[in-house]
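Residue numbers (our numbering): 606 to 939.
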């Protein structure tokens with residue numbers, strides 16, 4: 606009886622132990638135990654010999670890198686929901702299938718979006734720092750000290766009413782916000798009815814009328830700087846903006862300037878235009894209590910990461926069993 610050769614799988618970052626153990630059981634898997642980001646030369650070398658590459662959002666798999674891939678590389682099974690870090694068209698031309706891990710991060714990211722909305726509106730990080738950085742300075746409760754803004758009764762404008770945007774809307778409605786949204790396509794009538802949501806075909810019109818802007822659309826060429834300097838300037842001076850999607854959707858420099866001028870009240874950011882580099886001006890604004898900054902941890906739950914790993918494994922096994930992987934990303938639809 607012939608034993609089928611295990612596909613050679615190269616994993617670019619440290620994954621949860623349970624996922625790595627299963628990978629080693631099923632595949633000839635090369636792990637990244639120390640979680641050191643792989644260099645471009647290391648990625649090139651791996652793609653020349655591996656059957657499967659398992660990258661993450663921090664790995665830039667562009668056209669030039671894909672051109673270096675060896676004949677054995679037939680699958681890029683990304684450990685990510687988004688695929689903006691991979692040139693899908695170049696992979697398709699090279700005969701390489703690309704998969705991702707959708708639908709498992711929705712609730713975690715929506716939770717973090719609401720957390721940022723609360724943190725900015727109610728000045729949570731400022732309050733926490735009072736007790737940890739200068740505990741002796743707190744004189745006790747005061748009726749006019751550390752006043753934030755109520756979110757109940759306010760309007761939230763959701764930019765991108767996909768799975769995550771809809772999950773954010775459900776949470777926001779439970780907190781008493783009225784739901785407004787802009788999307789390429791209008792949501793199903795049943796969803797609008799459930800959420801009592803108002804659809805705006807004009808993003809400009811919506812931005813001028815809401816108290817909270819939540820960015821939940823994918824990063825694509827069409828959404829690069831979707832929240833441009835002109836559009837950000839439409840926001841009310843009492844409004845806040847929260848981004849748990851991708852940093853390049855917002856013109857970061859313009860947002861910083863408007864925050865410094867007091868033309869936007871605050872921001873909660875989990876993603877950045879040039880991450881992992883953070884604009885020093887954002888750090889200064891955070892120290893002043895104008896923004897809340899998180900290190901891209903919106904989807905960072907144990908359950909979510911294990912679910913992502915399970916999807917990667919299913920995609921690899923399905924592909925090498927001769928079937929179409931369930932999470933294949935088609936060219937032009939990334």
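For every residue, glycine included, the Cβ atom is placed at its ideal position computed from N, Cα and C.
- Annotation for residue 702: no alpha helix (DSSP H) segment contains it, though the beta strand (DSSP E) segment containing it runs 702-704.
- For the set 610, 640, 629, the Cα lying nearest the Cα of residue 617 is the one of 640.
- At least 7 angstroms separates the beta-carbon of residue 917 from that of residue 901.
- By the CB criterion at 7 angstroms, residue 825 and residue 854 fall outside the cutoff.
- Taking a C-beta distance under 7 angstroms as the contact criterion, residue 906 and residue 870 do not qualify as a contact pair.
- The straight-line gap separating the alpha-carbon atoms of residue 807 and residue 881 is approximately 32 angstroms.
- Judged by beta-carbon spacing, residue 782 lies within the 7 angstroms limit of residue 761, meaning their Cβ atoms are closer than that value.
- Annotated three-state conformation of residue 919 is helix, per DSSP.
- About 5 angstroms separates the beta carbons of residue 785 and residue 803, which is inside the 8 angstroms limit, making them a contact pair.
- The three-state reading of DSSP puts residue 806 in coil, since its state is none of H, G, I, E or B.
- In this structure, residue 845 lies near residue 817, with their beta-carbon atoms less than 7 angstroms apart.
- As computed with DSSP, residue 914 is found in no beta bridge at all.
- Cβ-Cβ distances below 6 angstroms link residue 713 to 904, 906, 909 in the same chain, with the five nearest sequence neighbours on each side left out; the list follows chain order.
- Beta-carbon to beta-carbon, residue 864 and residue 890 are separated by about 6 angstroms, close enough to satisfy the 8 angstroms threshold.
- DSSP places residue 874 in the uninterrupted beta strand (DSSP E) bounded by 871-874.
- Ranked by Cα distance from residue 851, the options 651, 637, 701, 873 are led by 873.
- Residue 768: member of the alpha helix (DSSP H) spanning 768-779, first to last residue.
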